């Protein structure tokens, strides 16, 4: 009897979600990527280079830290997976290194990317500077204003930051522009998608590159707890890359409860939300079939979140499937709950989290833990970029 799996199938689907719905002009690039990515990612030469860069350049493994005061408050054992301590301050660097190493092997000379909170843009610009490659980052004008510090970091690293003024000028619109650029320059350009979204093979490729997180959690828990699995895994989801990395090696291990936090914004009834799993319907966005926030006519609705990194009207197909199959429990965490959780972590543990990670922390008060429960929560990024938002809130 075949064991049920929540991993991607050979056609690029997670259950009914995924696939590659792309214009003809992009068919050749996506096919080329699909035909090369596994071959490269599974090769010994790639793995050696990738792992040595993660160790010596990024500073992995990132610590798994037992947060004693937080644990005391929620009456269980809470470990924080400290992705905020990576070089560039978030999990995004894992994926940027992997994809740019792949791009080099495919003979591409120019790198483009989209970014919301700026962390993926900074990570991509960082690796391009390291490898001497041309780099163009698309970013919504709204996000440029609220993430000014990250914009300056990208420019200092030598990237060209292109402001996007369509739509509500956030992540969705930046992605649209990056796809347009790719259509026009497909021969020499590689598009580094920053999350588990887009046409197959991107969701699977990004999840594989980020799966270094769950691999480390297995080893670190075995050391700390004498067992390699937790009772709960908690992560925030926008497109879903840090969550995919956190849960990757536990997807089919039903002993582990998966809890995801999406951005509730001003509340899911308010029309100012980015809670796609709660509010979305089956649709197609950026080349994948997934849950999408849309109106009756199928027009994509503008999402809203205090967090630039979760402000997306879709969700990665892996997470859409986990929610549909009831493998994951999903909470919509509102702006005020996220900010409150961020201040709580700061005061209890001396760690200022990114606004994205603060949504994951906001889940803790909504679950009923037992004292013996082992909980791993991923702090996907550090909060320097969000200080202005925190202080103004």
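Numbering (my numbering), first residue to last: 1 to 393.
Even for Gly, the Cβ is constructed at its ideal location relative to N, Cα and C.
Note that this is a predicted model, so its numbers are computed, not measured.
Nearest CA to the CA of residue i: which residue from the options?
i           : options            : result
residue 356 : 311, 367, 192      : 311
residue 222 : 179, 374, 127      : 374
residue 320 : 50, 239, 83        : 239
residue 343 : 137, 75, 391, 34   : 391
residue 133 : 120, 159, 115      : 159
residue 227 : 325, 218, 85       : 218
residue 72  : 370, 37, 379, 333  : 370
residue 69  : 62, 77, 63         : 77
residue 224 : 186, 10, 79        : 79
residue 231 : 180, 250, 131, 200 : 250
residue 118 : 62, 325, 92        : 92
residue 368 : 25, 17, 74, 48     : 74
residue 20  : 289, 256, 326      : 289
residue 246 : 353, 59, 377, 126  : 377
residue 120 : 270, 206, 358      : 206
residue 315 : 351, 17, 336, 36   : 17
residue 89  : 36, 153, 108, 161  : 153
residue 270 : 8, 335, 360, 379   : 335
residue 176 : 156, 151, 109, 115 : 115
residue 282 : 324, 302, 109, 345 : 324
If I follow the unbroken alpha helix (DSSP H) through residue i, where does it start and stop?
i           : result
residue 33  : 24 to 41
residue 385 : Where residue 385 is concerned, there is no enclosing alpha helix (DSSP H), given that its DSSP letter is neither H nor E.
residue 203 : 202 to 210
residue 160 : Where residue 160 is concerned, there is no enclosing alpha helix (DSSP H), although the beta strand (DSSP E) it sits in stretches over 160 to 164.
residue 151 : 148 to 156
residue 181 : 171 to 184
At what residues does the beta strand (DSSP E) containing residue i begin and finish?
i           : result
residue 191 : 189 to 192
Leaving out five residues before and five after residue i in sequence, what residues of the same chain have Cβ atoms less than 7 Å from its Cβ?
i           : result
residue 145 : none
residue 141 : 163, 164, 165, 169
residue 124 : 96, 111, 113, 135, 137, 192
residue 50  : 97, 98, 101
residue 215 : 249
With a threshold of 6 Å on Cβ separation, who are the neighbours of residue i within its own chain once the five nearest residues in sequence on each side are excluded?
i           : result
residue 40  : 46, 102, 105
residue 237 : 243, 260, 262, 319
residue 280 : 291, 292, 293
residue 212 : 94
residue 363 : 234, 259, 261, 331
residue 149 : 385
residue 1   : Caution is warranted here: a pLDDT of 46 is assigned to residue 1, below 50, making its placement in the model unreliable, and the coordinate value is therefore given only provisionally. Once the five neighbours on either side are set aside, residue 1 has no close Cβ partner at all.
Quick one: what's got a C-beta closer than 8 Å to residue i's C-beta in the same chain, skipping five residues either side?
i           : result
residue 272 : 265, 266, 304
residue 23  : 183
If you scan the segment 227 to 281 from start to end, which runs of the beta strand (DSSP E) of 3 or more residues do you find wholly inside it? Taking only runs of at least 3 residues, the beta strand (DSSP E) segments lying wholly in the segment 227 to 281 are 232 to 236, 257 to 265.
Quick one: which unbroken alpha helix (DSSP H) runs of 4-plus residues sit fully inside the segment 54 to 136? Chain order, please. Counting only runs of 4 or more, we get 68 to 74, 92 to 105, 119 to 131.
What are the complete alpha helix (DSSP H) segments, minimum 4 residues, inside the segment 289 to 357? Secondary structure in the segment 289 to 357: the alpha helix (DSSP H) runs of 4 residues or longer, each lying completely within the stretch, are 317 to 324, 335 to 349 in chain order.
Mind the definition here: the segment 257 to 270 touches the segment 288 to 295 only if three or more C-beta pairs lie below 8 Å; say whether that holds. With contact defined as three or more Cβ pairs closer than 8 Å, the segment 257 to 270 and the segment 288 to 295 are not in contact.
Using 8 Å as the cut-off, can you tell me whether the segment 15 to 31 makes contact with the segment 186 to 196, which would need three or more C-beta pairs spanning the two stretches below that distance? As far as the Cβ criterion goes, the segment 15 to 31 touches the segment 186 to 196, which means the pair count is three or higher.
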